[in-house]
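2 protein chains.
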Amino acid sequence: MPSLVHHPLDPASRLVRLMCAEYGVPLDLEEIKPWLREEALLEINPAATLPILFTDTEQAVVGILATLHVIEDFYAPDAVGGLVPADPMARAEMWRLVEWALVKLNDEVTRYLVEEKIAKRDLRGATPEPAVLRAAKANFVEHMLYFNYLLASRNWVGGDEMSLADFALAAHFSTLDYMGDIDWSKAPHETRDWYSRIKSRPAFRTLLNDRVTAMPPSKGYANLDF
Amino acid sequence: MPSLVHHPLDPASRLVRLMCAEYGVPLDLEEIKPWLREEALLEINPAATLPILFTDTEQAVVGILATLHVIEDFYAPDAVGGLVPADPMARAEMWRLVEWALVKLNDEVTRYLVEEKIAKRDLRGATPEPAVLRAAKANFVEHMLYFNYLLASRNWVGGDEMSLADFALAAHFSTLDYMGDIDWSKAPHETRDWYSRIKSRPAFRTLLNDRVTAMPPSKGYANLDF
Chain G
1 MPSLVHHPLD
11 PASRLVRLMC
21 AEYGVPLDLE
31 EIKPWLREEA
41 LLEINPAATL
51 PILFTDTEQA
61 VVGILATLHV
71 IEDFYAPDAV
81 GGLVPADPMA
91 RAEMWRLVEW
101 ALVKLNDEVT
111 RYLVEEKIAK
121 RDLRGATPEP
131 AVLRAAKANF
141 VEHMLYFNYL
151 LASRNWVGGD
161 EMSLADFALA
171 AHFSTLDYMG
181 DIDWSKAPHE
191 TRDWYSRIKS
201 RPAFRTLLND
211 RVTAMPPSKG
221 YANLDF
Chain A
1 MPSLVHHPLD
11 PASRLVRLMC
21 AEYGVPLDLE
31 EIKPWLREEA
41 LLEINPAATL
51 PILFTDTEQA
61 VVGILATLHV
71 IEDFYAPDAV
81 GGLVPADPMA
91 RAEMWRLVEW
101 ALVKLNDEVT
111 RYLVEEKIAK
121 RDLRGATPEP
131 AVLRAAKANF
141 VEHMLYFNYL
151 LASRNWVGGD
161 EMSLADFALA
171 AHFSTLDYMG
181 DIDWSKAPHE
191 TRDWYSRIKS
201 RPAFRTLLND
211 RVTAMPPSKG
221 YANLDF
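Here the protein sequences come in this chain order: G and A.
Take the first sequence: its position 194, counting from 1, is numbered 194 in the UniProt record's numbering, and each next residue is one higher.
Take the second sequence: its position 211, counting from 1, is numbered 211 in the UniProt record's numbering, and each next residue is one higher.
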């Protein structure tokens with residue numbers, strides 16, 4: 001069975017867990033805290049980033065781009081219904097939005113909130129910097145407007161079919177939702193409906209049981225009717 | 001002919017130009033300054049990032065991940081000698097290092113230097129912040145140590161064969177080199193030899209004629225014997 005070195009609130013690790021669950025690939029999970037930059041992590045990945053996947057043959061696959069491609073190469077079901085569209089232009093739109101989640105949304109929102117709320121406390125008992133939290137949340141409002149614009153004319157974020165783009169975005173949403181950083185009472189209904197649909201998928205169940213020490217999830221986190 | 005919306009010092013655009021040149025795909029180039037966030041750019045790409053490729057059928061492909069995949073899907077030669085290794089684990093190592101260049105090196109080095117030296121001056125005539133330049137250059141020293149470690153035991157950065165990983169890294173190197181941010185007199189010889197080999201490829205020629213208004217390239221930029 002492949003195993004995944006992950007942190008429960010790392011959105012890239014969550015994307016891999018969602019993808020594997022959707023493809024019916026069981027994963028052994030090994031939890032680490034990448035911000036501790038432990039020697040064992042740095043030896044495998046000097047970038048000290050997650051995820052790291054060990055294949056059935058125990059070869060290390062490092063980083064989210066490599067991991068997504070390896071899962072698609074080795075573990076995607078042959079049957080119709082994968083997460084990567086067959087049409088090249090639909091695939092390009094999927095990659096555009098995967099990049100949006102992994103790079104832009106991460107850079108402007110998620111990584112600040114995880115660092116302030118989780119890593120800083122864990123590393124030196126520090127409390128989050130209110131100005132950073134405010135900036136990240138203001139950025140998220142702008143992202144939400146864009147997702148809502150897309151979802152007003154599309155079934156799924158990349159188009160008519162659910163794809164890896166939905167999972168990449170939902171992975172970030174679920175991290176933010178765990179930390180209580182999504183105000184659903186103010187969220188536009190298209191985005192809320194989309195998240196509700198994707199959260200109801202069997203693949204999502206594994207994430208909803210996650211618990212981080214000394215940080216319980218927000219009230220609606222595991223609730224399908226949030 | 002496909003066309004590329006790019007900026008000469010944007011490393012992701014440079015990667016696409018290198019890849020297309022290597023594959024013998026001619027490109028129409030349209031230069032823009034993404035930091036101006038002009039309406040025409042935002043309509044195609046609300047993230048205001050480059051590159052944007054227009055295919056032969058004038059469909060927009062937005063962002064570096066989408067563009068790399070579309071070039072590989074539509075334009076890669078069938079013959080042996082592409083930039084994406086056939087072996088899945090070699091491909092995973094390639095993606096790890098592409099991610100290193102596009103995300104980590106960009107985040108810690110290149111984007112700060114381009115922003116300070118090019119975008120800030122262009123937007124408001126401001127001079128670069130010395131502390132930011134110093135931090136980015138100190139980060140680059142660390143990156144160099146790692147590339148040198150890799151190249152001490154490998155022919156190319158991802159392994160025995162040249163791949164997209166070399167081009168991704170070389171695209172960043174060439175942007176930094178243009179701006180005079182690589183001190184070759186102090187660079188370890190493995191990395192210098194590698195850059196010399198890749199810079200000598202015919203595909204690299206197009207980049208070496210680049211000129212940015214009011215910012216001539218560093219002395220050795222176009223020199224194959226730097």
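Built from N, CA and C at the ideal position, the CB exists for glycine as well.
If you compare the alpha carbons of G:26, G:33, G:214 with that of residue 6 (chain G), the shortest gap goes to G:33. Residue 53 (chain G) sits in a strand when the DSSP states are folded into three classes.
Going by C-alpha positions, residue 223 (chain G) is about 17 Å away from residue 186 (chain G). Between residue 104 (chain A) and residue 47 (chain G), the gap from beta carbon to beta carbon is short of 7 Å.
CA-to-CA, the gap between residue 68 (chain G) and residue 168 (chain G) works out to about 11 Å. Boundaries for residue 28 (chain A): no alpha helix (DSSP H) harbours it, while the beta strand (DSSP E) harbouring it runs 28 to 31, taken from the DSSP string. Cα atoms of residue 210 (chain G) and residue 120 (chain A): separation of roughly 43 Å, rounded to the nearest angstrom. For residue 114 (chain A), there is no enclosing beta strand (DSSP E); the enclosing alpha helix (DSSP H) covers residues 111 to 114.
The Cβ atoms of residue 171 (chain A) and residue 15 (chain A) sit closer than 7 Å to each other. By the Cβ neighbour-count rule, residue 110 (chain G) is buried, with 16 or more other Cβ atoms within 10 Å of its own. For a cut-off of 8 Å, the C-beta gap from residue 52 (chain G) to residue 44 (chain G) is around 6 Å, short enough to register as a contact.
Excluding sequence positions up to five before and after residue 62 (chain G), its CB lies within less than 7 Å of the CB of 44, 45, 52, all in the same chain and listed in chain order. In the three-state scheme derived from DSSP, where H, G and I count as helix and E and B as strand, residue 6 (chain A) is classed as strand. In the structure shown, residue 184 (chain A) falls within a coil segment according to DSSP collapsed to helix, strand and coil.
Shown here, residue 19 (chain A) sits in a helix according to DSSP, grouped into three states. Here residue 221 (chain G) is not near residue 181 (chain G), since their CB atoms are 7 Å or more apart.
A direct Cα-to-Cα measurement between residue 100 (chain G) and residue 94 (chain G) gives close to 10 Å. Within chain A, the residues placing a beta-carbon under 7 Å from that of residue 73 (chain G) are 88, ordered along the chain. At the C-beta level, residue 2 (chain G) and residue 27 (chain G) come within 7 Å of one another.
Around the beta carbon of residue 189 (chain A), fewer than 16 other beta carbons lie within 10 angstroms, which makes this residue exposed. In terms of Cβ geometry, residue 147 (chain G) and residue 191 (chain G) form a close pair [threshold 7 Å]. Unbroken alpha helix (DSSP H) runs of no fewer than 4 residues, entirely contained in the stretch 56 to 111 of chain A, are found at 64 to 70, 88 to 99, following chain order. Listed along chain A, the residues sitting closer than 8 Å to residue 63 (chain G) by beta-carbon distance are 95, 96, 99, 100. Look at the stretch 34 to 46 of chain A: the residues with a C-beta under 9 Å from a C-beta of chain G are 45, 46. Secondary structure of residue 141 (chain A) (DSSP, three-state): helix. Contact between residue 141 (chain A) and residue 112 (chain A) is absent: CB atoms are separated by about 14 Å, not below the 8 Å threshold. Taking all protein chains shown into account, residue 155 (chain A) has fewer than 16 neighbouring C-beta atoms within 10 Å of its C-beta and is therefore exposed. The beta carbon of residue 144 (chain G) sits closer than 8 Å to those of 187, 188, 191, all from its chain and outside the five residues before and after it, given in chain order.
Under the Cβ criterion of 7 Å, residue 136 (chain A) is not counted among the residues facing chain G. Residue 163 (chain A) counts as buried, since no fewer than 16 other beta carbons sit within 10 angstroms of its beta carbon. Between residue 108 (chain G) and residue 139 (chain G), the gap from beta carbon to beta carbon is short of 7 Å. In this chain, residue 219 (chain G) is not harboured by any alpha helix (DSSP H), its DSSP state being neither H nor E. Residue state for residue 25 (chain G) is assigned as coil, using DSSP reduced to three classes. If the five residues before and after residue 90 (chain A) are omitted, its C-beta is found closer than 8 Å to the C-beta atoms of 158, 159, 161, 163, all from its own chain and listed in chain order. The C-alpha of residue 82 (chain A) is placed about 35 Å away from the C-alpha of residue 29 (chain G). When the five nearest sequence neighbours on each side are left out, the beta carbons in the same chain lying within less than 8 Å of the beta carbon of residue 152 (chain A) are those of 190, in order along the chain.
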